[in-house]
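Taking it in order: structure first as structure tokens, then the write-up.
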Amino acid sequence: MTWKYSLGSVVFSHDSAIIAAGPRDNDKIQLWSVVDGSFLFELPGARPFVFSHDSALIASHLETGRVGLWRTTTGDFVQELQNNFDDALESIVFSCDSALLAATAGKKLKLWRVASGECIRTLRSDDDMLQSVTISHDSALVAAMSRYRSIIAVWRVDTGDLVQCVDLHCAPSWCSRHLSFTKDKLEILTSIGLVAIDGTGGSVDWTPLPPHLVGPCISSDWNWITWNNDNILRLPVEFQTSDSAISGSTVALRSESGRVIFIRLSADELSNLYGEDNELSNLYGEDDNELTDLYGEDDDELSEPYDEDDDELSDPYGEDDDSST
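Residue numbers for the sequence shown follow full-length UniProt numbering, so the first one is 1 and each next one is one higher.
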């Protein structure tokens, strides 16, 4: 594979057969075969773009606020989704059954039926632009994080009711790159860790609540690794304004100088130290503290954080992405 532009985004299809790449300053997306490296075709569109979970479609940002769909096997244009945005897109994500698509732009979040292109829901932020977006595995809930504040909002898809509003109290550039629901919808995985949610209640207003962080997380002031909201390990100064990723009980941190460290925690020992009020204790297997049956097989699985040879981080966020940005 060769590329003559400065890359802005690269995304794998969910079956790992195709890779899509888009330049920073060019409204074209190129698709390549992972098997033999051959060029497949070029599509109009720009970031963000994302594959459907069945890998049959790719959705991309066309001109301002418009979303288009193409077939990945032929490159044929399928349709442009109805009732588009007035602002440039921030994030796009398919539901796990590939039946719905959600996108954010400005202060709005829209949901469409993929088959018909019909917009079924338009949701609005109270006072901030929305960025990352994700849909729960059963398509019952949709969540988005604000762009300039670290607020996670959760809505019911069927009614459009806002059912949860949580303020992570951290710089959004640190924690908004990735959002995904756990399979049981009890937590949302962010770049700073798992945040407990409750999507079963009634409609709430936009008064954000403090977060309940589950298991290993990064504190809102970026000074500590926490366990169920308790500070347990103070971070070195050079890692207190860094990127992070959390996979199971492993925390990865990158400093501004480019250094990367990995910290592996013991769920069993921390449970003993901090009591039985440990929501993560039932999520880990007995042998190696890896998350068990938390994420579906097709998407949103926690990526194995290490390469076999050199223990370097390999795709700490997983693909969906539910989001791709």
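For glycine and all other residues, C-beta sits at the position ideal for the given N, C-alpha and C.
Because the structure is a prediction, the values reported are computed rather than measured.
Quick test of your reading: residue i and residue j, contact by CB under 8 Å. State the CB separation rounded to the nearest angstrom.
i    : j    : result
T159 : L130 : The Cβ separation is near 19 Å, so there is no contact.
V157 : L111 : 6 Å
S244 : L253 : 5 Å
L57  : W70  : 7 Å
L101 : A59  : 6 Å
S55  : T74  : The Cβ separation is near 13 Å, so there is no contact.
D27  : T64  : The pair is not a contact, with the Cβ atoms about 11 Å apart (cut-off 8 Å).
R234 : T250 : The Cβ separation is near 18 Å, so there is no contact.
M145 : L186 : The Cβ separation is near 18 Å, so there is no contact.
I188 : I152 : 6 Å
If you count every other CB in all the chains shown that lies within 10 Å of the CB of residue i, and 16 or more means buried, which is it?
i           : result
G201        : exposed
residue 335 : As displayed, the chain neither begins before 1 nor continues past 325, which places residue 335 out of reach and without an answer.
Y284        : Unreliable positioning characterises Y284 in this predicted model, as indicated by a pLDDT of 37, which lies under 50. A coordinate reading is not provided.
F206        : Sequence inspection shows Trp at residue 206; the Phe mentioned does not correspond to that position. Flag for W206 reads exposed.
Q164        : buried
S33         : exposed
A267        : buried
E276        : Only weak support exists for where E276 lies, its pLDDT of 44 falling under 50; the value from the coordinates is given anyway. By the 10 Å Cβ count, E276 comes out exposed.
P210        : exposed
S38         : exposed
P208        : buried
A115        : exposed
V142        : buried
G215        : buried
S125        : buried
T122        : exposed
S16         : exposed
P305        : Confidence in P305 is poor, its pLDDT being 36 and thus under 50, which makes the residue's placement unreliable; the coordinate value appears in the next sentence. Flag for P305 reads buried.
V154        : buried
P236        : exposed
I18         : buried
L291        : Note that L291 has pLDDT 35, beneath the 50 cutoff, so the model's placement of it is unreliable and no number is given.
V10         : exposed
Y148        : exposed
Have a look at the options and flag the residue whose alpha-carbon is nearest the alpha-carbon of residue i.
i           : options                   : result
L84         : V93, D76, W70 and L109    : Going by the sequence as given, residue 84 is Asn instead of Leu. Ranking the options by Cα distance to N84, first place goes to L109.
S96         : Q82, A88, H53 and V114    : First, the residue type needs correcting, since residue 96 is Cys and not Ser in the sequence shown. For C96, the nearest C-alpha among the options comes from H53.
F77         : E42, L213 and V93         : E42
D128        : K107, S136 and T134       : K107
H14         : D27, S98, D36 and R47     : S98
residue 329 : D167, D221, H137 and R66  : Given a span of 1 to 325 for the chain in the structure shown, any question on residue 329 remains unanswerable.
S220        : F239, L168 and G193       : L168
R259        : E269, L265 and E238       : E238
T182        : V166, H212, I135 and R149 : I135
S91         : S132, S150 and S255       : S132
R66         : C119, Q30 and V35         : C119
S191        : I19, L270, I218 and V10   : I218
Restricting to runs no shorter than 3 residues, where is the beta strand (DSSP E) found entirely within the segment 143-227?
Runs of the beta strand (DSSP E) inside the segment 143-227: 151-156, 162-167, 187-190, 193-196, 213-218 and 224-227.
Would you check if there are 3 or more beta carbon pairs closer than 8 Å linking the segment 229-239 to the segment 183-198?
Contact between the segment 229-239 and the segment 183-198 is absent, with fewer than three C-beta pairs closer than 8 Å.
Counting only runs that start and end within the segment 18-58, where is the beta strand (DSSP E) found for 3 or more residues in a row?
Here the runs fully enclosed are 18-23, 28-33, 39-44 and 46-51.
Give the list of continuous beta strand (DSSP E) stretches no shorter than 3 residues that lie fully inside the segment 70-156.
Runs of the beta strand (DSSP E) inside the segment 70-156: 77-80, 89-94, 100-105, 108-113, 119-124, 130-135, 141-146 and 151-156.
Can you give, in chain order, each stretch of the alpha helix (DSSP H) that sits fully within the segment 243-275 and has at least 4 residues?
The qualifying runs are 267-273.
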